[in-house]
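J.: Below you'll find the structure I mean.
2 protein chains.
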Amino acid sequence: MENNQPIVGIRSTKQRQAILDVFSDEQVHLSADEVYLLVKPTQPNISLGTIYRNLDLLTRIGALTQFILADGTRKYEKTSSHHHHLVCINCGETKNIPGCPLDREIKGYSKENEFHIVRHSFEIYGYCSSCQTK
Amino acid sequence: MENNQPIVGIRSTKQRQAILDVFSDEQVHLSADEVYLLVKPTQPNISLGTIYRNLDLLTRIGALTQFILADGTRKYEKTSSHHHHLVCINCGETKNIPGCPLDREIKGYSKENEFHIVRHSFEIYGYCSSCQTK
DNA sequence: TTTGCTGCAAATCGTTTGCAACACC
DNA sequence: GGTGTTGCAAACGATTTGCAGCAAA
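Going down the list, the protein sequences come from chains C and H. For the first sequence, the numbering used here assigns the number 2 to the initial residue and increments by one for each residue that follows. For the second sequence, the numbering used here assigns the number 2 to the initial residue and increments by one for each residue that follows.
Quick look at the structure:
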């Protein structure tokens with residue numbers, strides 16, 4: 002959305018609350034469309050535009066965090082302590098990994114290259130246990 | 002493109018060669034549009050469609066590797082030994098990092114979760130030396 | 001009453017695809 | 001000559017945006 006407007010007054014609407022409710026669990030990782038489908042039952046008239054605008058705003062105020070999978074899919078999750086993801090190539094199930102791989106060695110390498118690290122992404126792709134048996 | 006056709010006979014055309022030439026250096030990381038701009042001078046009539054079709058084909062035969070940045074940008078590079086990227090948030094300059102962070106600890110965690118790892122992504126974002134001074 | 005928020009529809013961006021002409025082998 | 005490849009334009013999916021009406025505060 003590339004909206005760099007300063008955030009002034011934020012109102013609490015039922016649409017926004019319904020979207021936030023969907024992300025109550027930290028293990029919830031959803032695309033805009035998935036959020037739309039989940040919110041639709043309680044907010045039948047909600048539009049995809051509203052979903053996108055809210056996901057963007059909630060991300061900008063820090064309530065949600067956005068990340069992009071290797072296939073380009075954009076997903077959102079509730080903001081929580083630093084972690085990474087384990088993503089099933091088959092069913093898309095996404096789990097949080099507590100550890101972080103940004104180790105001393107790599108930090109050292111970046112320093113050598115005079116690179117100032119701001120953030121990083123790390124996702125593991127493979128098959129979850131139930132998809133392996135199929 | 003989601004093209005799962007078996008690859009039969011591949012021909013050498015000047016368009017395809019021009020695209021490959023752009024990726025002669027391993028430190029070249031480009032989007033489809035950037036390739037288009039670079040190839041245009043020698044192939045004035047080339048179309049973006051041809052660029053996309055060739056990037057896809059060259060990726061499927063393993064000559065190129067595709068990766069997606071945290072902002073959703075799709076990039077291509079010449080296939081080479083396993084590595085990761087250092088990406089400047091400001092100018093977009095992308096450098097290869099030789100090390101790999103997929104360490105014992107994380108592999109162990111995946112095993113605990115009965116997750117079969119196939120591949121992973123890891124990119125570091127920040128500011129390169131020249132963008133820091135500006 | 002003010003102004004942020006919504007639904008709707010149109011617009012945009014990156015990418016894919018159908019097709020007829022073309023050019024490799 | 002056969003078929004892989006190309007340029008072109010239309011189609012596509014995900015996301016963004018303009019606008020007028022609505023609703024929180």
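Ideal Cβ positions, reconstructed from N, Cα and C, are used throughout, including at glycine.
1. Grouping DSSP H, G and I as helix and E and B as strand, with all else coil, what is S32/C?
2. Measure the CB-CB distance between V88/H and T80/H and report whether it falls below 8 Å.
3. What are the start and end residues of the alpha helix (DSSP H) that includes T43/C?
4. Can you name, in chain order, every residue of its own chain whose Cβ lies under 6 Å from the Cβ of P42/C, other than the five neighbours on each side?
5. Return the residues of the region 54-73 of chain H that lie within a Cβ-Cβ distance of less than 7 Å from chain C, sorted by chain order.
6. Would K112/C be called buried (16 or more neighbouring beta carbons within 10 Å of its own) or exposed?
7. How about T66/C and T60/C: do their beta carbons lie closer than 8 Å?
8. In the DSSP assignment, what residue or residues form a beta bridge with K79/H?
9. Less than 8 Å separating the beta-carbons of H117/C and Y128/H?
10. Please report how far the alpha carbon of H83/H lies from the alpha carbon of S13/C, in whole angstroms.
11. Quick check on G91/C: does DSSP put it in helix, strand or coil?
12. Within the same chain, show all residues whose beta-carbon is closer than 6 Å to that of F68/H, passing over the 5 residues directly before and after it, in chain order.
13. Please confirm whether H30/C has its beta-carbon closer than 8 Å to some beta-carbon of chain H.
14. Indicate whether at least one CB of chain C lies closer than 8 Å to the CB of C92/H.
15. Strictly under 8 Å for the Cβ-Cβ distance: is E3/C near chain H by that measure?
16. Taking Cβ positions, are E106/H and G63/C nearer each other than 8 Å?
17. So, for R17/H: in the same chain, excluding its five sequence neighbours on each side, which residues have a beta-carbon less than 6 Å away from its beta-carbon?
T.: So, to answer that:
1. coil
2. no
3. Segment: none, T43/C is in no alpha helix (DSSP H) and carries neither H nor E.
4. none
5. I69, A71 and G73
6. exposed
7. yes
8. L65/H
9. yes
10. 48 Å
11. Rather than Gly, the amino acid found at residue 91/C in this sequence is Asn. Coil, per DSSP.
12. K76
13. no
14. no
15. Residue confidence is low: E3/C scores 46 on pLDDT, short of 50, so the model does not pin down where it sits. Its coordinate-derived value is still stated next. With 8 Å as the cut-off, E3/C does not count as an interface residue toward chain H.
16. no
17. N55
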